[in-house]
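In full-length UniProt numbering, the protein residues as written are 1 to 515. All residues carry an ideal CB built from backbone N, CA and C; glycine is no exception. Remember, it's a predicted structure, so these values are computed and weren't measured experimentally. To keep things clear, I will list the structure first and then write my remarks on it.
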Amino acid sequence: METRSAKRKKYWLEGENGIDRISDLPDVVLHQILFHLPIKSIAQTSVLSKRWRSLWISFPDLDFTSINPIGVTSTNAPNTKPSIKNKRLLLCPHSFSVKRLDFISQVLALRDKQSDLRILRFRAPLSFSRLNGLIRLAVRQNVQELDVEVATDDYFNFPRSVLTSESLRVFKLRSRYPGFRLLPPSVMKGGFQSLHTLSLSLVILYDQPTLSDLFTDSSFPRLKKLNLDACFGLKQLKVSCLALEEFTLENCFQLHGLDVSGAKLKTLQVASCFDAYCDKSWVKINAPSLRVMVWEYNAITENSSLENLVSAHEASIGFFVLNEDFSVTKLRSVSNLLSALYRLHTLTLEGQCVEVLSSRNYIANLMHPFDQLQSLELQTGFNKHNLPGLAHLFKCSPALHTLILKILNDYKIERRKWNKDLWDMPSSEEQFWESQSQALKPLLNNLSVVKIHGFLECENEVSLAKFLLKHGKALQEMTFFSGHCNYRDSLRRQKIRSQMMGFSRASSNAKIEFL
């Protein structure tokens with residue numbers, strides 16, 4: 001008599017007509033179907049028949065991230081070849097404990113030696129010797145993509161076996177704790193001839209604070225994507241790979257100098273980098289093909305030299321300012337950085353950018369105008385001290401079509417509430433904007449869309465809105481995004497909205513919307 005499990009297996013394979021058409025599909029098709037299943041489910045299919053067991057041991061894309069997370073301890077698992085009993089257990093992964101058996105190494109050891117490994121991904125707490133063993137197994141099977149996230153008891157060295165792999169195309173190594181060290185430069189520069197993607201996280205570089213000759217075209221002739229995160233001890237970095245298209249550098253707080261050049265570099269992202277206490281910090285960028293630049297929460301460097309950014313189209317710029325350190329040298333560095341991006345079409349300024357540009361020491365005429373800028377997004381605390389910086393940016397954006405203001409309410413600033421006299425008696429803020437009307441004529445003749453997020457009907461915000469409605473010749477729509485309010489505030493808000501609508505009908509044809 002047929003058991004229920006036997007019936008389910010027969011139905012899964014043969015369907016209602018009793019004909020097994022799935023198993024007759026080519027291996028490459030079945031592998032693609034299995035790719036969308038969790039690794040345990042793929043392993044369980046191997047009990048169906050010899051055909052499916054063959055598919056399992058030749059499966060090229062092994063992703064263990066769902067069954068071996070960092071929280072599971074497998075450091076003490078035995079490093080032995082699988083026994084006959086263990087081989088049977090592998091057909092049903094639920095029946096054994098990860099603490100006693102290293103499922104990943106067992107699967108790798110059982111794979112068909114004639115089948116190359118395309119992808120290997122895993123996250124696990126491992127000793128350095130176990131980690132090296134797994135990587136060596138993968139390299140022997142000609143792995144093309146190796147994605148590893150580990151936690152170890154102590155610092156470990158960069159896996160040497162990766163350097164000599166001719167098949168490896170993608171290598172990602174992330175250390176949760178405590179980090180890993182690079183091999184000596186003479187050793188590191190001898191490999192990576194086939195690699196096109198490299199991602200390293202939590203690298204300990206106190207013994208190698210300067211990496212000026214590692215990321216070169218001779219060491220990485222095919223590298224297209226480079227991601228470096230949390231490189232502790234790194235003070236100077238030079239990247240000059242000719243094939244590089246994307247470069248990301250994050251959380252390098254001790255960095256003093258950065259030199260990036262590449263004829264094919266299209267995307268550059270640098271975030272939370274540079275030593276805010278260093279008085280000789282610098283950055284140098286030469287990238288004629290650069291399209292997108294993200295420069296966020298970085299300490300302001302003493303010197304900025306950006307050259308040949310003739311293809312730059314979109315950028316997001318922000319700074320981390322320590323104790324309002326607005327020295328003339330650093331402000332000139334900010335101006336040099338922004339001026340190099342004058343061909344932009346889309347620009348986002350955040351992280352105290354407006355505050356920097358509003359500083360007394362800032363020399364306004366140093367910044368090159370953004371003649372081609374179409375969209376400008378500003379994130380600012382929006383107090384009266386920021387008005388000069390806002391006006392300067394507006395002057396430098398004569399062709400602007402869309403202006404997005406995101407007012408940061410978490411700043412401890414004075415934002416005076418609207419009062420009934422605001423519409424009858426011009427405030428000091430309103431008088432300031434009126435004094436800028438002639439200088440802002442080019443902007444006012446082109447600005448079409450205005451969006452103000454975090455609108456709380458404060459005097460600074462209302463004054464700017466009134467000014468744009470009054471003088472905006474091309475203004476078509478103005479949208480206010482405001483937060484929740486109590487009953488008293490809602491009544492006051494209704495009054496402001498009706499006043500704003502009436503003012504719009506009197507001076508502008510723009511559509512006004514409150515959301």
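Residue of the options minimising C-alpha distance to residue i
| i | options | result |
| --- | --- | --- |
| residue 439 | 404, 126 and 398 | 398 |
| residue 65 | 57, 49, 103 and 30 | 103 |
| residue 322 | 112, 336 and 355 | 355 |
| residue 154 | 210, 178 and 374 | 178 |
| residue 498 | 472, 462, 213 and 247 | 462 |
| residue 350 | 199, 465, 161 and 317 | 317 |
| residue 359 | 390, 156 and 338 | 390 |
| residue 141 | 129, 147, 156 and 120 | 120 |
| residue 345 | 371, 477 and 208 | 371 |
| residue 221 | 385, 264, 180 and 205 | 264 |
| residue 242 | 207, 287 and 474 | 287 |
| residue 172 | 152, 195 and 147 | 147 |
| residue 139 | 47, 192, 54 and 157 | 192 |
| residue 380 | 445, 455 and 435 | 455 |
| residue 130 | 28, 384 and 152 | 152 |
| residue 170 | 328, 43 and 196 | 196 |
Cut-off 7 Å between Cβ atoms - residues of its own chain near residue i, not counting five sequence neighbours on either side
| i | result |
| --- | --- |
| residue 395 | 439 and 440 |
| residue 39 | 62, 63, 64, 66 and 67 |
| residue 279 | 302 |
| residue 357 | 389, 392 and 393 |
| residue 122 | 64, 65, 68, 104 and 148 |
With 16 other Cβ atoms within 10 Å as the buried cut-off, status of residue i
| i | result |
| --- | --- |
| residue 513 | exposed |
| residue 184 | exposed |
| residue 150 | buried |
| residue 201 | buried |
| residue 113 | exposed |
| residue 257 | buried |
| residue 124 | buried |
| residue 431 | exposed |
| residue 33 | exposed |
| residue 190 | exposed |
| residue 457 | buried |
| residue 159 | buried |
| residue 517 | Look at the range of the chain in this structure, 1 to 515, and you will see that residue 517 is not part of it. |
| residue 45 | buried |
| residue 235 | buried |
| residue 340 | buried |
| residue 392 | buried |
| residue 26 | exposed |
| residue 162 | buried |
| residue 509 | exposed |
| residue 165 | buried |
| residue 107 | buried |
| residue 474 | exposed |
| residue 306 | buried |
| residue 240 | buried |
| residue 36 | exposed |
| residue 41 | exposed |
| residue 29 | exposed |
Residues near residue i in its chain [Cβ-Cβ closer than 8 Å; skip 5 each side]
| i | result |
| --- | --- |
| residue 515 | 479, 480, 481 and 482 |
| residue 118 | 60, 61, 143, 144 and 145 |
| residue 477 | 448, 449, 450, 510, 511, 512 and 513 |
| residue 187 | 160 and 163 |
Proximity below 9 Å, CB of residue i to CB of residue j
| i | j | result |
| --- | --- | --- |
| residue 58 | residue 31 | yes |
| residue 387 | residue 429 | yes |
| residue 376 | residue 400 | yes |
| residue 347 | residue 302 | no |
| residue 319 | residue 352 | yes |
| residue 223 | residue 237 | no |
| residue 304 | residue 283 | yes |
| residue 290 | residue 309 | yes |
| residue 205 | residue 176 | no |
| residue 226 | residue 255 | no |
| residue 272 | residue 296 | yes |
| residue 427 | residue 471 | no |
| residue 266 | residue 292 | yes |
| residue 248 | residue 229 | yes |
| residue 116 | residue 167 | yes |
| residue 109 | residue 126 | no |
Contacting residues, own chain, Cβ-Cβ under 6 Å from residue i (five flanking each side not counted)
| i | result |
| --- | --- |
| residue 382 | 407 and 460 |
| residue 174 | 149 and 201 |
| residue 299 | 274, 276 and 320 |
| residue 453 | 406 and 481 |
| residue 23 | 51 |
| residue 374 | 345 and 401 |
| residue 261 | 240 and 286 |
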